[in-house]
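Each residue of the sequence shown is one higher than the one before, starting from 567 at the first, in the working numbering. Note that the Cβ used here is the ideal one computed from N, Cα and C, for glycine as well. Encoded as structure tokens, the structure appears first; notes follow it.
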Amino acid sequence: MFSGLGSETMDGGTGIDTIDHTVWDGAYTFNMPTGLNSFGGEIYLNFEIAKMGDGNDTVAGNNEDNTIFGGLGNDILEGGNGIDKLSGGIGNDTITS
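Spelled out as structure tokens, the structure:
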């Protein structure tokens, strides 16, 4: 899937799905349980893997087994209720399960 301009909802559906923001170098917030994120008007649902870019990112995992990569920057990563793999990358990161 590719997210374009405007408001949209992207649903990963069943299986293991990845949201990839590695090309974005600004601060980014992604709340996996609600799908809400820094890009107003866009909702990303049912994703289990999040790859972030070089900004100071905040990502909250959902009830699935999440894999979250913070990338560069001072990131805040929260795993949620699944069996999660969290990697902050380079920076002063805060990681909670």
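Could you tell me which of the options sits nearest to residue i, measuring between CA atoms?
{"i": "residue 577", "options": "620, 613, 635", "result": "613"}
{"i": "residue 644", "options": "655, 656, 662, 651", "result": "662"}
{"i": "residue 658", "options": "603, 601, 616, 623", "result": "623"}
{"i": "residue 654", "options": "589, 593, 595, 640", "result": "640"}
{"i": "residue 600", "options": "611, 581, 646, 606", "result": "611"}
Per DSSP, which residues does residue i bridge with? Please list them.
{"i": "residue 610", "result": "576"}
{"i": "residue 711", "result": "It is not possible to answer for residue 711, since the shown part of the chain is limited to 567 through 663."}
{"i": "residue 653", "result": "635"}
How long is the line joining the alpha carbons of residue i and residue j, rounded to whole angstroms?
{"i": "residue 631", "j": "residue 625", "result": "14 Å"}
{"i": "residue 608", "j": "residue 634", "result": "20 Å"}
Give every residue of the same chain whose Cβ lies closer than 6 Å to the Cβ of residue i, excluding the five residues on either side of it in the sequence, and list them in chain order.
{"i": "residue 660", "result": "642"}
Once the 5 residues before and after residue i are set aside, which same chain residues still bring their CB inside 7 Å of it?
{"i": "residue 592", "result": "621"}
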